[in-house]
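Okay, structure first, notes after.
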Amino acid sequence: MRCLKFIKVINFHAVFDFDDESNMNGICAAHRNEERSILQDEEIFYDLSGSKLDLASKLGIPDDNKTVWIFCNGRKDIKPCKPCKKSEKWTQDYSAGIRDAVIFFSQKDIIPKGRALVIVLLFSNNFDGIIETIRELSIRFGWGANGYNCN
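In this text, residue positions in the sequence shown follow numbering that gives the first Met the number 0: the first is 0, and each later residue adds one.
Structure, rendered in structure tokens:
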């Protein structure tokens with residue numbers, strides 16, 4: 000984990016974390032910047048029919064230069080805990096909120112087109128939700144099916 004110190008110094012807009020124990024003993028606990036990070040689960044992004052500016056302000060975007068650390072597959076450090084889910088249960092319980100989070104961050108006034116940097120760090124063979132999220136990122140940020148679009 001020492002080789003991941005770069006995570007504290009990069010000003011990420013969002014981190015999509017699929018480890019339900021990350022804030023207790025994972026990458027979030029070890030490497031998030033406590034002064035600039037806001038911990039959230041997917042529920043805050045459900046149904047963006049409300050004002051996206053209100054949500055952006057609540058998350059400190061863009062003025063506070065905060066990193067929104069989004070727990071994408073449960074979270075054990077809160078009460079009641081949100082359990083890690085497998086395949087169909089992940090899709091049923093977490094997918095919509097994660098999709099809405101990707102949609103939120105892909106808006107041009109949040110992260111402009113062509114300005115997204117996506118880093119995927121895999122520490123597990125549990126891919127539940129990760130592939131779907133990467134597919135959604137590629138669609139929303141315009142990378143397309145034929146590789147990266149560098150417009």
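Ideal Cβ placement from N, Cα and C applies to all residues, glycine included.
Which residues bound the beta strand (DSSP E) around ILE37?
Here residue 37 refers to the residue found at position 38 when the sequence shown is read from its first residue. Its beta strand (DSSP E) spans residues 36 to 40.
Closest to PHE140 by CA distance: which of SER105, ASN124, ASP18 and PRO61 is it?
The residue you call residue 140 lines up with position 141 of the sequence shown. Here the closest residue by C-alpha is SER105.
What's the C-alpha gap between SER21 and VAL101?
Position 22 of the sequence shown, counted from the first residue, corresponds to residue 21. Position 102 of the sequence shown, counted from the first residue, corresponds to residue 101. One C-alpha to the other measures close to 20 Å.
I need the DSSP call for ALA13, collapsed to helix, strand or coil.
Taking the sequence shown and counting its residues from 1, one reaches residue 13 at position 14. Collapsing the DSSP output to three states places ALA13 in a strand.
Are LYS78 and MET23 closer than 8 Å when you measure CB to CB?
Numbered from 1 along the sequence shown, position 79 holds the residue referred to as residue 78. Numbered from 1 along the sequence shown, position 24 holds the residue referred to as residue 23. In this structure, MET23 does not lie closer than 8 Å to LYS78 by Cβ.
For CYS71, collect the residues of the same chain with a Cβ closer than 7 Å to its Cβ; drop the 5 residues on either side in sequence, then sort them by chain order.
In the sequence shown, counting from the first residue as 1, residue 71 sits at position 72. Only PHE15, ASP16, PHE17, GLU41, TYR93, ILE97, GLY128 and THR132 meet the Cβ criterion.
State the Cα-Cα distance for the pair LYS4 and LYS51, rounded to the nearest angstrom.
Position 5 of the sequence shown holds residue 4. Position 52 of the sequence shown holds residue 51. Between LYS4 and LYS51, the C-alpha separation is close to 32 Å.
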